[in-house]
Amino acid sequence: MQWHFRLGHPSLQKLRQAVLDLSPISVLECEACQLGKHHRSSFPRSIGSHQSSPFSLVHSDIWGPIRIKSYSGFQYFVIFVDDFSRMTWLFLMKDRSDLPKIFVTFYNEILGQFDRRIKILRSDNALEYVQSFMHDFCVERGIVHQTTCPHTCQQNGIAERKHRHLLEVARTLIFNM
Numbered sequence: 003m004q005w006h007f008r009l010g011h012p013s014l015q016k017l018r019q020a021v022l023d024l025s026p027i028s029v030l031e032c033e034a035c036q037l038g039k040h041h042r043s044s045f046p047r048s049i050g051s052h053q054s055s056p057f058s059l060v061h062s063d064i065w066g067p068i069r070i071k072s073y074s075g076f077q078y079f080v081i082f083v084d085d086f087s088r089m090t091w092l093f094l095m096k097d098r099s100d101l102p103k104i105f106v107t108f109y110n111e112i113l114g115q116f117d118r119r120i121k122i123l124r125s126d127n128a129l130e131y132v133q134s135f136m137h138d139f140c141v142e143r144g145i146v147h148q149t150t151c152p153h154t155c156q157q158n159g160i161a162e163r164k165h166r167h168l169l170e171v172a173r174t175l176i177f178n179m
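Have a look at this one:
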């Protein structure tokens, strides 16, 4: 059980992959996991929508504000998830209006590090995503910006699920303190 705590409360399958000499257990009975990972029933998944090349589709979403700012004044974070690899980038933000600057940084990082261009950006209809600077930036670079229907977070499920995973791990680690 110590390895389960130390590795951030992974599933039994992931724990067995990480710790080869794990004593045989069939069920993880971890109260912190039950408290930290509890969620509602899921929305039906779309089938066959996985992209065939890196950065052809990037999912993004902003999370926050948190009630108590970080020591450095951050209240939000934005994630960018590559649909092909599920690689995730997380950027802390002091204000939602930081998004355009962060997206430009992310775009340039992908271009510089991977020599790839983002083809499609999928996000919700948050004002920060649809404002003129973001729209103009995407149009100038040939990025198709797909937005979800209002109040339908399931349409941006990849980003929403990544938020859930990140928050579950953080919450579970806090419960374990």
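In this text, residue positions in the sequence shown follow our numbering: the first is 3, and each later residue adds one.
No residue lacks a Cβ here, since even glycine has one placed at the ideal position from N, Cα and C.
Less than 8 Å between the C-beta atoms of residue i and residue j, yes or no?
| i | j | result |
| --- | --- | --- |
| Ile176 | Ala128 | no |
| Thr90 | Asp126 | no |
| Thr174 | His11 | yes |
Assign residue i to one of three DSSP states: helix, strand, or coil.
| i | result |
| --- | --- |
| Tyr73 | coil |
| Ser2 | With the chain running from 3 to 179 in the structure shown, residue 2 is simply not present. |
| Ile64 | strand |
| Ser177 | Before going further, note that residue 177 is Phe rather than Ser in the sequence given. Of the three classes helix, strand and coil, the one that applies to Phe177 here is helix, per DSSP. |
| Phe7 | helix |
| His41 | coil |
| His167 | helix |
| Leu14 | helix |
| Gln53 | coil |
At a Cβ threshold of 8 Å, is residue i touching chain C?
| i | result |
| --- | --- |
| Thr107 | Structure shown: chain C not included; a single protein chain is present. |
The ligand NAP heavy atoms versus the CB of residue i: any closer than 7 Å?
| i | result |
| --- | --- |
| Gln15 | Summarising the ligand content, the structure contains no ligands, and the ligand NAP is consequently not present. |
Pull up the CB-CB distance for residue i and residue j, whole angstroms please, since I reckon it's below 8 Å.
| i | j | result |
| --- | --- | --- |
| Phe86 | Pro56 | 5 Å |
| Ser58 | Ile122 | 7 Å |
| Arg124 | His52 | So it is not a contact: roughly 13 Å between Cβ atoms. |
Self-check item: Three CB pairs or more closer than 8 Å across the segment 131 to 142 and the segment 161 to 173
Solution: no
Quiz prompt | Residue ranges of each alpha helix (DSSP H) within the segment 91 to 145, 4 or longer | solution = 101 to 116, 129 to 132 and 134 to 142
Self-check item: contact_flag[the segment 115 to 122, the segment 97 to 104] where n(CB pairs < 8 Å) is 3 or more
Solution: no
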